[in-house]
Each structure stands twice: as structure tokens, then as C-alpha cells.
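Take a look at the structure below.
6 protein chains.
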Amino acid sequence: MAIVVTNITRVAPSLVREFAGVGVATVHEAQARKGLLDAVIRPIYRPVHIVGTAVTCEVAPGDNWMIHVAAEQCQPGDILVVTPTSPCTDGYFGDLLATSLRARGVQGLIIDAGVRDIATLTQMQFPVWSRAIHAQGTVKETIANVNTAVICAGALIKPGDLIVADDDGVVVVRRQQVVTVLESVQAREANEENKRKRFENGELGLDVYNMRQRLASKGLTYVDAQDLVNDAKQADSEQ
Amino acid sequence: MAIVVTNITRVAPSLVREFAGVGVATVHEAQARKGLLDAVIRPIYRPVHIVGTAVTCEVAPGDNWMIHVAAEQCQPGDILVVTPTSPCTDGYFGDLLATSLRARGVQGLIIDAGVRDIATLTQMQFPVWSRAIHAQGTVKETIANVNTAVICAGALIKPGDLIVADDDGVVVVRRQQVVTVLESVQAREANEENKRKRFENGELGLDVYNMRQRLASKGLTYVDAQDLVNDAKQADSEQ
Amino acid sequence: MAIVVTNITRVAPSLVREFAGVGVATVHEAQARKGLLDAVIRPIYRPVHIVGTAVTCEVAPGDNWMIHVAAEQCQPGDILVVTPTSPCTDGYFGDLLATSLRARGVQGLIIDAGVRDIATLTQMQFPVWSRAIHAQGTVKETIANVNTAVICAGALIKPGDLIVADDDGVVVVRRQQVVTVLESVQAREANEENKRKRFENGELGLDVYNMRQRLASKGLTYVDAQDLVNDAKQADSEQ
Amino acid sequence: MAIVVTNITRVAPSLVREFAGVGVATVHEAQARKGLLDAVIRPIYRPVHIVGTAVTCEVAPGDNWMIHVAAEQCQPGDILVVTPTSPCTDGYFGDLLATSLRARGVQGLIIDAGVRDIATLTQMQFPVWSRAIHAQGTVKETIANVNTAVICAGALIKPGDLIVADDDGVVVVRRQQVVTVLESVQAREANEENKRKRFENGELGLDVYNMRQRLASKGLTYVDAQDLVNDAKQADSEQ
Amino acid sequence: MAIVVTNITRVAPSLVREFAGVGVATVHEAQARKGLLDAVIRPIYRPVHIVGTAVTCEVAPGDNWMIHVAAEQCQPGDILVVTPTSPCTDGYFGDLLATSLRARGVQGLIIDAGVRDIATLTQMQFPVWSRAIHAQGTVKETIANVNTAVICAGALIKPGDLIVADDDGVVVVRRQQVVTVLESVQAREANEENKRKRFENGELGLDVYNMRQRLASKGLTYVDAQDLVNDAKQADSEQ
Amino acid sequence: MAIVVTNITRVAPSLVREFAGVGVATVHEAQARKGLLDAVIRPIYRPVHIVGTAVTCEVAPGDNWMIHVAAEQCQPGDILVVTPTSPCTDGYFGDLLATSLRARGVQGLIIDAGVRDIATLTQMQFPVWSRAIHAQGTVKETIANVNTAVICAGALIKPGDLIVADDDGVVVVRRQQVVTVLESVQAREANEENKRKRFENGELGLDVYNMRQRLASKGLTYVDAQDLVNDAKQADSEQ
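Residue numbers (the working numbering), protein chains in the order written: chain A, 81 to 319; chain B, 81 to 319; chain C, 81 to 319; chain D, 81 to 319; chain E, 81 to 319; chain F, 81 to 319.
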């Protein structure tokens, strides 16, 4: 009743490398504000930034068996994405599994559940984004799917998709859209650099983005604080 | 339908400077335990401590337009206080806005919503207290008020009020009460120093605060653990 | 109506010392996955690791009076465990109380409520695990029990029990079971070291734990991704 | 250190009566979407609808003493608004206090904390909006203010303000603005009735509100589902 | 930048009718425990049960404009599924929109956000499942997609899919799998009826499901309470 | 590794009957405000009130196997208390299990997890208190203990203890203390009846409980609202 899909198609490593250093917020903007995982998924240490290709793994609540199965499907450059089949915050993952994944060249773990041994994981600098930190152990009794499409923290992730994760959170880019998104990222970064300089020089967003007229047309009005005080006093004396 | 109040009256800079290094907990105690923002508002990095005068800014949910409007109202020494008109955890604020605010001398940001680009904000050491960290982007469609009284994270904040923020959270002091609160802070700090020395010397709070008699009069009783065990055995054998 | 139990029996210091450096997750596994406190209890700084004997303290909501009473019952090597009699996130504990406890040799604080002055506590390196960080002050009006059995963050803790706390959370070991748990810890650590080496060498959990046959018997099936694509195309063309 | 303000000015009863049957959502819209309490405040039974004038009451966490003090300040037509000075979900209020308030003509209770005896309160049909239902009892040790301005569930409420509460939640109208808001409510209700009839007749909001042109100018595009399928097949065959 | 997909393919009405009266839990089991929306989505009144075909609608946070656009795409038998593009609990939907949807034959609303006017919605018996009840109003400024695949409360929903919703929550069945799931539902219901009778007759699940041997093989042991007491006494006397 | 304790000692049925109609809040007060379960445990329908003796049952996360084992240990008059060994909100319990328990004379279910089929459970009037309502199914793979001491929703419950549950929540009374608590309940109820009559007659709690002098000694001060307004005007004119 459960399958492991082998031999999945991944985003090409040369494309993945183009996203080195690109922030999650930038990628999210570059693909029309799609693909963010829920904000409850947080890195266990900071700063941290990884990019890689998704290997997906379902797990039963309180049962980490399938992570061992998924490990075999991982290649260098992959990011393991784990999601429980119903909500659970147990500590599915610790330093032994991290040692195993690192030995296979895995970049990090995204898990919509809990992890443990975070002192060691931090010392190893093995990147993990999780919903919880919990020492609670798990069993190995129930099978589930590996490398099928999953919903992880509210985002649809397919095997081979591009994952970018940093201090802000985690975003997924559909494999077929990576080239398009990359172009948008590069345009956006060029544009941002220019804006940053203008802001550093003290220019206001009101002028950088040419907002004043549109604000006025929406009805925004400027009032001097002293006039407000005088109006209030006037109203008071007339009561 | 929305106004920007210009030319607000602020706590005098010389008074603000007196609060340098004063903790949030101390200020909160010094004004009879008022003015704390809800504990969900947390700094994005630690340690951090700022003091400044409030510029207030409402924003629509998922819409950060008014932060650009508020930026123009900021002066050196201000702290920008942003509150959504209904609950929202989107990432309203990132490194470009921080660059703009820093260029204007703003001390930091308090926001009852989300922020992003926190790796860069941390690197810049631009202080931010927020409800969430979320890469989710916002639009620029809806106007709202700047420099009117707002409720931010459950606390009433008026433009020009004093804001103190540190690792513990954020507290507001009403502009008209800053002198009184400062006196109370100074008295309290002198007193605390004395107590700290007594505690370091091994004295107990029971004696430092002279609590023993009042505890006894409330009915507090001391019982030896061994007597409890014996009583239980006795009860057991009599059953 | 409230009692302070004096002269409690504690786990012997020589036994406590055996747990130095042993992680919470390991202890939890070693006693059949019992005794974890709820994952909402988090350390205020990391990394951190302490082991000690419990002195327990009930407090009324918003009232930290009994912590002063409990301080007198603490000995070097103790860990103070504080639990409110109804849910509360106020800042019960700050740097003065930490100074007092440190002067008595207390290892740290576990509290199912809030703490404050965390910048100073961090600077002092006084270990604290709490449910919240909140500057909110407390009063001293209501008495409660010290050194009776308490439920702290969902775990039953008796005075004199062993407490282990680290970056993952907090676990309690019943005083009478410490020797048994220690043996299990030691066996487990020896075993883990061996496994870690095998994982470092690239062996898979599937083989280290000999899982393949049991997975197959549960019905786990391997499918090539390309075959899935072809099947889908076939189904599509037949529609 | 705490005061009870007597003899407060209230919205006139004749004005209050004008709001009979007016929903919270309507009042909120009529005053430019201000004044809503946080959505965590929920009625203990439904349907329910009350309107009245606010008597405000602070309480210490876990301490309901001041509700007895506030009861004396209540008149027929009042609504008691209770807010803890720090977050607390204890059961501050039960059937005895409800009996007392009803005997004084109080319309209902709004409390940013917990209540208990809700079976009896429901049977009495005594309206209560609360953050929690909790049997947890409280003490009577700490004083606090009655009839000062409070922030209750994120909204500023002043004594004598108008409160409207129904199945949707709770809204406050500042005493000085009741007449203006009433006019807006009446205009809005007339307008809504007309719209309801048009919707009942099957007209679309797109036409009732004349939205089609503005949607198109924002870039909204209509696409036939079959064309999407064909495009996808085309793209697939060209790969 | 946003599209409305028209003319979508729906599950056939005759198939939809077969699910009348089938519970969400049964459907969820019948499709291998997939497709449940997150448990935070709750009906505004109970009991309630609907089945229908999904029309999907994205909305910006705090902006209900697209619901009006989606209404035009609805046909008799549809269920409108609304999901915000970032988390929001505002009251997107009230009695006017319900009147409009009912006039078009819509069965009900599933929304991963807030609703209001619930007293009227309940009186109308217009079924709604939502994340929150909140009177907070919304604006009409930002466009988004209608009838594209959405993730609503953690579940992927495509236009035309089958939705079943009752007191337990909401489940989606992929359009292409409805026939298969229906067969499984019918088999399951027949089987359940037989079991219910055996349970009513006092048979135990241990026997109905033939569990005793498997429990024993896992190591489950039965111990008489009196023996445990005697063992403890024995241990105590030997100490 | 897991045990089922048979033949447990229960509170005598004649004693249990004495608690018929006694509310949870009253029992909680009568035993010095101990024994309440966390307020997140709520009844699935209201009004409801049950009293009975606890049969306790641990379950693994996402695994309801042991409920079938526990059913065999239940007698008429029992209440089944189920607690997961780590946090889980899955739907462990539905109408078939309720049918089985009812056939054995069980009064109801207390579960620190989720339940489903609540429409049928409500129709059957089978009382359930749970942390969640969730259709999510569970497996039958992992054994755990029955009739050992458990912590359920933060309260320690031992097999045979008395459980009282109503609209306010759930409270446990230790088996050995039932007689003492009953006496306290009866005294309290007599006292409450007298107070209720005084409140109905319009007497204030201030007088019924003789609070005025103690409030004054704490420093409570009464101020006329008009005097406050005049003071403010005076201060304003002197600025």
C-alpha cells in the first residue's frame, strides 16, 4: 500500500548552483509570491542557507521508519523533505540520521514535525528546518510513501523540485519553472541593488517608488499635530 | 479617510538618553506594571536594547504601503511602531526598508506582524521586534493612518511616547509620564543594587524582604519529609 | 493550607554526576520514553546542559512569593522546578532570584511559566527553561506548596528526582529508578557510537538496522519514476 | 494604588436602545472598521445579542476580587468589561456573580479571561463573552482599578462607552461617537436591504457593485479550462 | 497576473448524489486516509452535512474581492472553496454573499479564513466551515486566481473535485478517483453495519477484530492489581 | 513491555452516586483547587454531566489499538480516560467504539487527543471530552499500558479514581480522598444556596463577603469621575 519512487528527475545541478546565496524572500517574490512553507517551520540554528533538490518522505505520526527508506533515495545535493500523514511534533530525527544523510551528501532536512539532538546537529552544522524541537522518540511500525507529491507545511512539494531555505523560512520552486524563476530572480536582484543605494543616500520609498500621487488620489491627508490639538480644545470649550 | 499627522511632539532627547541601559522589566515595574506589549512580540536577534520615541503606523493586512509613508515622518532617535488593522503575520518589512529607516536615524522597529530578510537585518544590527518571521510578501493598495494613537500587541501607543525594548520585550511610557517614571526607575535601580549584593552573599529573599512572619500568618507550615513518610506508613498499616 | 517539606531525600551526588553530558533524548529513550516535559518548555539560551536533583515549588498565577520560600530549601546541585497552580506566563523569575539561587549552588531553573531579565541571565550563564519570556511582574500574596509532588509541563516531578535538561528539553527520572536508567543509558551510548561510525562510512539505516525484509513484508514497493510517467501517459491516451 | 471611579458618564439609554438588533459587523463597518475586540473572545452560548454601556474592571491574574467591587458600580443597562492585568484564563466568573449582576440589571459580561458554571449561565441566559471556559478558581488578594480606561482583548474601552456583542464577537463605540456611528449604521442597513433583494434575485456582486471594469483594469483574465488542457498537452508533446 | 478558469469539468451530479449521507471519516478511510483538511476548519453550526463539487478561489489577505468573481463561476451543486494567499482570519464572508451563493444553488462554503454574520448564516442554514469567526471587514483591492488548484487548510483541492463536509471536518476526493472511492465507501459501510451489531451485543473489539494473539506476540502482559500492591509492599519491606 | 492491570480497586458505586449533579467547579474548589484537567479538553456537546470511576489507557500517537484492550477492562459506571504517549490530535475514537463502550455500561470518554463521528456520538448522547475533533484515522501497531497511572491533560489520574465532567471541563478526585471531598462539597453547596438568595435579593458581594474594610486597608480609593475631569482641565490650563 506504500511505494518508493526511484530514479526521480531532479533540477539539474548547474541550475541549482545558480541559486546559491539567493534568499527565500527573493525567490518567493520572483515566482509571484507562491511556494512558501508555513512560517511555523523554523531553522534550528542561524544564519543558515541551503539550496537543493527535494526527496520527499511521508511518515506516520510518531513513526520515523520511512526516513531510513528515504535516505537510500538521496543523492549529493538533495534536501530531504519529511511530512507526517497527520499532525505530530515528535522528534523524528536526530544526530545519527543526520550523520547518515551527510554521508550521502544531503544538504539538509525540512520536516513538518519535531527534531532532537539539536545541540549536536548545530555543532555538525547540519541544517534543519522543523515545526518543533522535541526529544520525544518514535517507533518503526508503519510504512508510507517516498518520492510522491506531498504537502509539507501547507506547500505542495514534488520530488525533484528546487528547495531554497534560509533564516526567513523555506520556499519550493516547481522543477519545470526553475529557469523562469531564475531569470526573474536575477532581474529582481539587479533592481534591488539600485534601490538599496538610493535608500542609503536617504531617499524615501515615497520617491523611489513614485507613490505620492497615488496616495493622494486614495485620499491620504496630512494634518499638523498642533492643529489637531487646537481643534480638540475648540470642541471641548464649545461643549 | 486616512491621515498622516505631522510635526508630533516627542519626549525630549535628553530625557530619552536617561533611559539608556534601563531594562524593560525595570521600566514596567517603575510605572506600576503598565505598558508592556504582549509577550508574542520578540526580538529577531539578541542581545539588543534600544530606547526612542514612537512614530506610529497602521497597515492593512498584507499591505505595507504605509510604512513608506511613515518613514518620511521619522527623525533620528525615533522607533517605528507598526500595527496591522487586523491580525496578519506577513513579512511587511525587510532589508530595503531597514536601510531607508537607518538612513533617517531610526533606532529600530516594533511590529505586531511579520518581518523578513532577518539574516541581513541581523548582520546590519538593525533592531526589530515582531510577532513572526515570514518571507510572505505584501502589496501596496490600501491607505491607513500614521501618527495616530494605536494599539500594538495589546498596548496603547501614542505618537511621541517613549519606547524601551530589549531581550525581554517592549514597554511604552506615556510621554507625559516620562519624568515621573524616570525617578521611579532610578530609585528602583539603586535599591536593586543593594539587594543583589545581599543575594550574592547568600542571604535569602525570606530575610532580605522580611517575609517569614507574613508567610506564617498566611498559614505556611514546615513539615519534615521523614515525618510524612512515617505518617503514610502508619495510615497504611491501620487500613 | 500550604506546606514546605524539608529534609527531602535526593538522588546521591555520585549518581547525579554519572549523567554529566548525557542528553535528554538518550535518557528519555533509556527509560522507555517516559518523563519528558512538554516541548513548549525551552531554554533561554543554547547550548546548555545541566543535571541535578529537583526541589519543587508551586506558585499562584501572577505570584512568585513561594520561589523565595523554595530558595531556602535548595542545596548545591539542586534544580528548582516551578509550576503555577493555573496556567500563567508572567515573568516570575529574574536576575535577583538567579543571583540568590546561584549563591546557594543551584544548577538552574525549570519553570512552566515566564521569566525575565534574560539578557542578564544569559550573561550570568544561569540556565533556565521556561514556557515564555515576559517582563510582566508578579505579586507576593498567596502561599502554595514547596517540595510536594507537582505536575510541571505535563510531567510528574517529585522532590529529589533527577532532572536532565539540555537544548532538546527537559526529562525527569524518578529517584528510585536512577540506577536502572543509568545502566540503560550506558548500554545505549555504547551502541550508538558503533552505529554512528557505520553511518559515517555511508552504510544505510536499512542495513544497519536490518529493515529491508520487514519493510517488504509490510508491502513496501519500489517503482521507477519513468514507469509511472509512462503509465500516466498510457492512461491519458486511453481516455 | 488602585482607584474606583464612581459616577461615570454613560451613553444615554435612549441612544443605546437605537442599537437593539444591530449586528457587531455592521457597527464595525459603520465606524470605519475600528473597535473590534480580538476574535478569541467568544460567546458561551448562541444566538445572543446585547447592547449596553461599559463598566470597566481590571483584575490581577488568578484573582477575581475586583469584580465584586465593580458590581457595585453597575446600573441597569450596563455591560461589565473585565480584563486581567496580565494574561490569564482562570474561571473568574460563575453563577453566583451572574446572579448578583442580573439583580443589578447588568446586560452581560465581556471578559478577556476564563469563566465557569457555563451550564448554569446558559440556563439563566446570562450573556458572557470570554477567552476561555475553565473551572479553575481564583483568589481575592490583590486590588486593581475600576472604571478607568482598559485594553480588553486588544481594544481600548473607556467607562461609559457603548458595547455591542453578538455571535460574531464584540465591538466598542466611543461614547462621543455614538450619534455619528448610529447615523452610519442606519444608512448602511437601508443600503444592505436593497442589496440583499438583488442577490436573492440572482444578481451577482460583480454587477451589484459594478466591479467588472475595475477587475479587468487590474489584469484579471478569463481562460477556458479546455484551452488550458490543450496548451498543456501541446507543451508536453513539444518537450 | 491572475486568471479565472471557466467551464471546468466537475464530478457528475449522479456520482455526487451517491455520497449523500456518507461521513467525512468514512470517505477519508476509503481513500487510504488522504485528503482531510486541517482540523482547525470547523463548521459554524452542527449538525451539518454537504456534498458537492469544488469551485476554488484565492483571496488576498484582508481582501474578499475575488469571492464575487468566483460566485459567477458557481453552478447548482457546487461548494465554494476559498483560501487566502497568506494566513488571515478576517471575516471574508457574511450574509449578503451567502444570499448570493444560495441564489446560485451553491451547497456551502469552505474557507481557510474567517466569516461573520454567523447568526444569520445559521438561521439561513447556509453551511460554512471556517478557521475563525471574526467580524473584521475586508477590502476589494487585489485580484487573485479562481478555479486553479489551491491548497486549502493543508489539502490540495482542484476545481471540480468532490468535497464532503460534516461535523467532523472536510475531505476532498480527486475527481478522477471518485468512482474508486465510492466503491470502497460502500464496502466499508456494509462492513461497519455488521460490526456495529456485534458491538451492540457486547462483543469486544479484541474478538471482533481477532486481536488477542497479535497483542500477546507484541508482549502485552496482564497483571492483577492486587499482585502489584503486594509486590510493592514486599519491595518496601526489603529496603 | 506494556501491561494491562486487571481487577483494579474503584471508588464504591454508592459514593460515586453522591456526586450526581455536582459541578466540576464545585469539586475543584472542594479539594483545594486541585485535579482539574487542562481547559483545552472540551465536551463535544452540551449540556452534559457525568460521574464515574477511571479506567486509564495509554495510546501511541496515531494508534488506537489499546482502546480495544481497555474496553475489556471497563465495567458499568466506568469512565475511560485515554492519553497519548506523545501529543496527537488524531481521531482515535468514533461511533463503533462508543457502541462497544456503551454496551459495557461505560459513562463516557475523556481523551487528550481527537475524536470523530461526533454527529453520531451526539445523537447517541455518548459523552466525550476531547482536545480536538478530527476525522484523521489511526492504526493498530503499537502496544501501551492500561490501568497504570497516567497524566491526562496535565492531571495525574490513577485507575479507580473518581472523575467528574461537565460543561466546564473535567476534574479527578483521588480514590482515597473521595469521602473527604464529598463532605466539603456538601458543606459548600449548602453555603452557596444561601449566598445565591442574598445575591438574588440585590445584596453585593462586598457585603455578603464583608470585603469593604480589607479593600480599604489594601489602599482602594473611590474617586468621582467629575473630579477627575476637573483635575485634568486644571492640569491642562496650568501647563
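Yeah, the Cβ is synthetic: ideal placement off N, Cα and C, and Gly gets one too.
Under DSSP, Y302 of chain A shares a beta bridge with B:V84.
Those residues of the stretch 236-268 of chain D placed with their C-beta closer than 8 Å to a C-beta in chain B are L236, ordered along the chain. Among the residues of the stretch 119-146 of chain B, those with a Cβ less than 9 Å away from any Cβ of chain D are A119, in the order of the chain. Counting other Cβ atoms within 10 Å of its Cβ, T200 of chain D reaches 16 or more and is therefore classed as buried. Taking a contact to require three or more Cβ pairs closer than 8 Å, the stretch 162-181 of chain D and the stretch 102-119 of chain D do not qualify as touching. Beta-bridge analysis with DSSP links H129 of chain C to C:D246. Beta-bridge annotation (DSSP): E152 of chain E is not paired with any residue. If the five residues before and after T106 of chain D are omitted, its C-beta is found closer than 7 Å to the C-beta atoms of V265, R268, E269, all from its own chain and listed in chain order.
The criterion of a C-beta distance shorter than 8 Å is not satisfied by A140 of chain D and G194 of chain C.
Looking at the DSSP output, V102 of chain F sits in no beta bridge, so it has no partner there. Neighbours of Q216 of chain A across chain F, judged by C-beta separation under 9 Å: P141, T165, S166, P167. Secondary structure note for D192 of chain C: its beta strand (DSSP E) is the uninterrupted segment 188-195.
Residues of the same chain with a CB within less than 6 Å of the CB of R90 of chain D, apart from the 5 flanking positions on each side, are T133, G240 in chain order. The distance from the Cβ of W209 of chain B to that of R126 of chain B is about 11 Å, inconsistent with a contact at the 8 Å cut-off.
Pairing G299 of chain B with I83 of chain C, the inter-Cα distance amounts to about 8 Å. Within the same chain, and ignoring the five residues on either side of Q187 of chain D in sequence, the residues whose Cβ sits closer than 6 Å to its Cβ are I130, G132, I159. G299 of chain D is outside the set of residues whose beta carbon lies under 8 Å from a beta carbon in chain B. Measuring C-alpha to C-alpha distances from V120 of chain A to each of A:E152, A:V253, A:A92, A:D192 identifies A:D192 as the nearest.
About 6 Å separates the beta carbons of I223 of chain F and L295 of chain E, which is inside the 8 Å limit, making them a contact pair. Linking E273 of chain E to A150 of chain F through their CA atoms gives a straight-line distance of about 23 Å. In the structure shown, E272 of chain C falls within a helical segment according to DSSP collapsed to helix, strand and coil. What V303 of chain D touches in chain E, judged by beta-carbon distance under 8 Å, is I83, V84, V85, T86, going in chain order. Closest in C-alpha terms to V161 of chain B, from the list B:Q155, B:N290, B:E138, B:D175, comes B:E138.
When beta bridges are read from the DSSP output, G171 of chain B appears opposite B:G194. Per the DSSP secondary-structure output, L236 of chain A pairs in a beta bridge with A:I231. At least one CB atom of chain D sits nearer than 8 Å to the CB of D170 of chain C. For I213 of chain F, the secondary structure class from DSSP, reduced to helix, strand or coil, is strand. For P93 of chain C, there is no enclosing beta strand (DSSP E); the enclosing alpha helix (DSSP H) covers residues 93-97. Taken through DSSP and simplified to helix, strand or coil, E109 of chain E comes out as helix. Taking all protein chains in view, the Cβ of S94 of chain B is surrounded by fewer than 16 other Cβ atoms within 10 Å, so the residue is classified as exposed. Setting aside the 5 residues that flank it on each side, H214 of chain E is surrounded in the same chain by T169, D170, G171, G194, R196, each with a C-beta closer than 7 Å to its C-beta; the list follows chain order.
Rounded to whole angstroms, the gap between the alpha carbons of D118 of chain B and R182 of chain D is 33 Å. Under the DSSP assignment, V120 of chain D falls outside any alpha helix (DSSP H); it carries neither an H nor an E label. In the three-state scheme derived from DSSP, where H, G and I count as helix and E and B as strand, A134 of chain B is classed as strand. Taking 7 Å as the cut-off between beta carbons, the residues of the stretch 146-161 of chain C near chain B are H148, V149, A151, E152, in sequence order. Between the beta-carbon of L286 of chain E and that of R278 of chain E there is about 12 Å, and that puts the pair past the 8 Å contact cut.
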